[in-house]
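Structure record follows, encoded as structure tokens.
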Amino acid sequence: MRLPALILLTICILMATGCSEDETKVSYIVCESTYALCTTAKCTSIEEGQETVLCDCEVKTGYSVGSTPCHEPIETPEGKQVVSRYFPIKSFAFCTNERPWAWCYDRPCIVDKSDPTRAACACNIVENDGPYVMVTDSYTDATCTTGFYSSARVKDLKRVTEFLKTNADLKSFALKQVNK
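In terms of the working numbering, the sequence shown opens at residue 2 and continues consecutively.
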């Protein structure tokens, strides 16, 4: 790999906000583990002016998608650490406004000691990065304008869905867009 491409890839990984399709080739790894699922997570600011928020995610065990291999939860001074990964969704709203959202994919999460079905994930704030999705079964005027949630770019959802069509362990669902 050429040095500039290696530097760009390193920057993209360190930023953890993702890079555009043209900037680097996206790779996905499907594996089985305990992970945090943040597709519908509500998020809150940690401190004013910070680029990171805390999102309340579900803890799941099973197959999921990430850009790194699965591993068992890691014991840390804060508690058990898992990684936020993706599990296929069935329906979503297509949002095009400038509302900020949280990017939790492949981010570190600490399992709640009092409720091991929940984890607090440190996610990056994203805004003005193109159309994004809100995971939902129905659409109202407030879907794309209210609250602060974990999300993903529409192009990332399409990319991972196409990848999962070729995977034997984890298949994608037929996606339904609830707003037209």
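Backbone N, C-alpha and C define an ideal beta-carbon position, used for all residues, glycine too. This one's a predicted model, so the numbers in the text were calculated from it and none came from an experiment.
Euclidean distance between Cα positions of Phe-88 and Val-31: Residue numbering aside, residue 88 sits at position 87 when the sequence shown is read from its first letter. Residue numbering aside, residue 31 sits at position 30 when the sequence shown is read from its first letter. Rounded to the nearest angstrom, the two C-alpha atoms are 10 angstroms apart.
With distances taken Cα to Cα, identify the nearest neighbour of Pro-132 among Pro-101, Tyr-140 and Gly-148. Counting from 1 along the sequence shown, the entry for residue 132 is found at position 131. The residue with the shortest Cα to Cα distance from Pro-132 is Pro-101.
Assess, as a yes-or-no matter, whether the region 155 to 171 is touched by the region 82 to 97 under the definition of 3 or more beta carbon pairs within less than 8 angstroms. yes
Return helix, strand or coil for Lys-159, following the three-state DSSP convention. Along the sequence shown, read from residue 1 onward, the residue named residue 159 stands at position 158. Note: Lys-159 maps to helix in three-state DSSP.
Hey, could you find the ends of the beta strand (DSSP E) Gly-148 is sitting in? Start at 1 with the first residue of the sequence shown, and residue 148 comes out as number 147. Premise fails: Gly-148 is in no beta strand (DSSP E) and is neither H nor E.
Give the straight-line distance between the Cα atoms of Val-83 and Arg-108, rounded to the nearest whole angstrom. Residue mapping note: residue 83 aligns to position 82 of the sequence shown, counting from 1. Residue mapping note: residue 108 aligns to position 107 of the sequence shown, counting from 1. Their Cα atoms are separated by approximately 9 angstroms.
Specify the secondary structure class of Leu-165 as computed by DSSP and reduced to three states. The residue labelled residue 165 in the question sits at position 164 within the sequence shown. Helix at Leu-165.
How many Å lie between Pro-74 and Tyr-106 at the Cα? Indexing the sequence shown from 1 puts residue 74 at position 73. Indexing the sequence shown from 1 puts residue 106 at position 105. So the two alpha carbons sit approximately 16 angstroms from each other.
Using a threshold of 8 angstroms, state whether the C-beta atoms of Thr-62 and Thr-41 are closer than that. Position 61 of the sequence shown, counted from the start, is the residue given in the question as residue 62. Position 40 of the sequence shown, counted from the start, is the residue given in the question as residue 41. Pairing Thr-62 with Thr-41 gives a Cβ-Cβ distance that is not under 8 angstroms.
What does Gln-202 pair with, by DSSP beta-bridge criteria? This structure cannot speak to residue 202, because the chain is shown only from 2 to 181.
Which residues in the same chain as Glu-22 place their Cβ atom closer than 8 angstroms to its Cβ, once the five residues preceding and following it in sequence are excluded? Position 21 of the sequence shown, counted from the start, is the residue given in the question as residue 22. The pLDDT assigned to Glu-22 is 42, lower than 50, so where the model puts this residue is not dependable; a value taken from the coordinates is nonetheless given after this. Here the set comprises Lys-156 and Arg-160.
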